[in-house]
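Asker: Per the working numbering, the first sequence runs over residues -15 to 257.
Every residue gets a Cβ at the ideal spot worked out from N, C-alpha and C, and that includes glycine.
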Amino acid sequence: MGRQPCCDKLGVKKGPWTAEEDKKLINFILTNGQCCWRAVPKLAGLRRCGKSCRLRWTNYLRPDLKRGLLTDAEEQLVIDLHARLGNRWSKIAGRLPGRTDNEIKNHWNTHIKKKLIKMGIDPVTHEPLHKEESNSCQVKTLSQPFQSPAEENNVTPIQNTNGMASSENSCTPTDQNSSGDESNLLSAICDQIDDSLISYLFEEDTPGLVDAPWDFPAAAKENFNTVLPSWDESCPWLLDCQDFGIQDFGFDCFNDIEMNMLTQLDVKDNQTI
DNA sequence: AAAAATAGCAACCGCCATAGC
DNA sequence: TGCTATGGCGGTTGCTATTTT
């Protein structure tokens, strides 16, 4: 017996979401919280697959999402984390609050990959591209990608926050191909990242916002409903929020939600220690 | 100004892990 | 213990916008 499709393929809409669909999904989740995604389309009156609803919510509609390009610091973090975790985008995203795995994955494929290649670094192994040229001067990588879960749990904070090359390595990737300007820029960026922050970010299984359930407290729901204009009078607010980040609008209710969520997670964390 | 090429990103697909029965 | 349903993840696709020729 084959597996049932996650939804009835017939009559299921695909492609870009409309503002009306977004509205329905948001309203439903704010009212009911995140429950069974399979049931969401039906209950919310959407002709979408539950999977599609989940994706739309987590990647685009979630109120805590940051929009816009990754900052230089975030980008460097992604590089560092990728060197240690490989293509485990969800894990990486979990270390960057407000960013989604899809967003990071896209950014990696469109920006970072090219940047690394330009710098003479293999984006997969994080080692210099033309190894044969540097055999006499083997670059010691800071970490190995694709660690086993067991290894992953023993990830130690890196000595040098610069995931690219330590100053101790006389044979840096930048020695191979890239311009000095780029390496200087990267070093400057890396220096800005606090060691303790890196250590924290590398702690395995630290609950990230991405993994947190969105169970909206009733008060927050009320705030949400009172603060926001109705969709009927202005749909574009969502687009605005997406462009600038919801915090820019002073929607403190989301801070409350986040604080509440983090508090719960802290408690949970302490219990498991 | 138009066509072609390229870049960026949202969304989909298929597989895997796991909870629940 | 095995099976099924569901959620989640990573890879890939396809559309749109932008840049180049």
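Relative to the C-alpha of GLY52, which candidate in ILE96, ARG72, HIS91, PRO25 has its C-alpha closest?
Answerer: Within the first sequence, residue 52 is the residue found at index 68, counting from 1. Nearest Cα to GLY52 within the set ILE96, ARG72, HIS91, PRO25: HIS91.
Asker: Indicate whether the contact test is met: 3 or more Cβ pairs, each with one atom in the region 14 to 24 and one in the region -7 to 4, closer than 8 angstroms.
Answerer: no
Asker: List the DSSP bridge partners of ILE105.
Answerer: Your numbering for residue 105 matches position 121 in the first sequence. Paired residues: PRO112.
Asker: With a 10 Å radius around its C-beta and 16 neighbouring C-beta atoms as the bar for buried, classify LEU100 as buried or exposed.
Answerer: Within the first sequence, numbered from 1, the residue matching residue 100 stands at position 116. Classification for LEU100: buried.
Asker: Can you have a look at LEU49 and say buried or exposed, based on whether 16 or more other CB atoms are within 10 angstroms of its CB?
Answerer: As a working note, residue 49 is residue 65 in the first sequence. Classification for LEU49: buried.
Asker: Using only alpha-carbon positions, find the residue among LEU113, PRO25, ASP85 that is nearest to LYS(-2).
Answerer: On the first sequence, residue -2 is found 14 positions in, with the first residue counted as 1. It is PRO25 whose Cα lies nearest to the Cα of LYS(-2).
Asker: Leaving out the 5 sequence neighbours to the left and right, which residues in its chain are closer than 7 angstroms to TRP41 when beta-carbon positions are compared?
Answerer: The count along the first sequence starts at 1 and reaches residue 41 at position 57. LEU9, ILE13.
Asker: In angstroms with no decimal places, state the Cα-to-Cα distance between ASP106 and LEU65.
Answerer: In the first sequence, residue 106 corresponds to position 122, counting from 1. In the first sequence, residue 65 corresponds to position 81, counting from 1. So the two alpha carbons sit approximately 15 angstroms from each other.
Asker: Let me check understanding here. Comparing Cα to Cα, which of ARG31, ARG46, ARG22 lies closest to GLY(-5)?
Answerer: As a first step, residue -5 is located in the first sequence; it is residue number 11 there, counting from the start. Selected option, being the one with the closest Cα: ARG31.
Asker: Rounded to whole angstroms, what is the Cα-Cα separation between LYS102 and ALA23?
Answerer: Against the first sequence, residue 102 aligns to sequence position 118. Against the first sequence, residue 23 aligns to sequence position 39. The alpha-carbon atoms of LYS102 and ALA23 are separated by roughly 47 angstroms.
Asker: Could you have a look at GLN60 and say whether DSSP puts it in helix, strand or coil?
Answerer: Against the first sequence, residue 60 aligns to sequence position 76. If DSSP states are grouped into helix, strand and coil, GLN60 belongs with the helices.
Asker: Over what stretch of residues does the alpha helix (DSSP H) that includes ASP6 continue unbroken?
Answerer: For the purposes of this step, residue 6 is identified with residue 22 of the first sequence, where counting begins at 1. Unbroken alpha helix (DSSP H) run through ASP6: 3 to 16.
Asker: Where do the N-terminal and C-terminal ends of the alpha helix (DSSP H) with CYS37 fall, by residue?
Answerer: Working through the first sequence from its first residue, we reach residue 37 at position 53. Looking at the DSSP string, the run of the alpha helix (DSSP H) that includes CYS37 is 34 to 40.
Asker: In this structure, does DSSP put ASP48 in helix, strand or coil?
Answerer: Position 64 of the first sequence, counting from 1, holds the residue named residue 48. Note: ASP48 maps to coil in three-state DSSP.
Asker: Around the Cβ of CYS20, are there at least 16 other Cβ atoms within 10 angstroms (buried) or fewer (exposed)?
Answerer: The count along the first sequence starts at 1 and reaches residue 20 at position 36. CYS20 comes out exposed.
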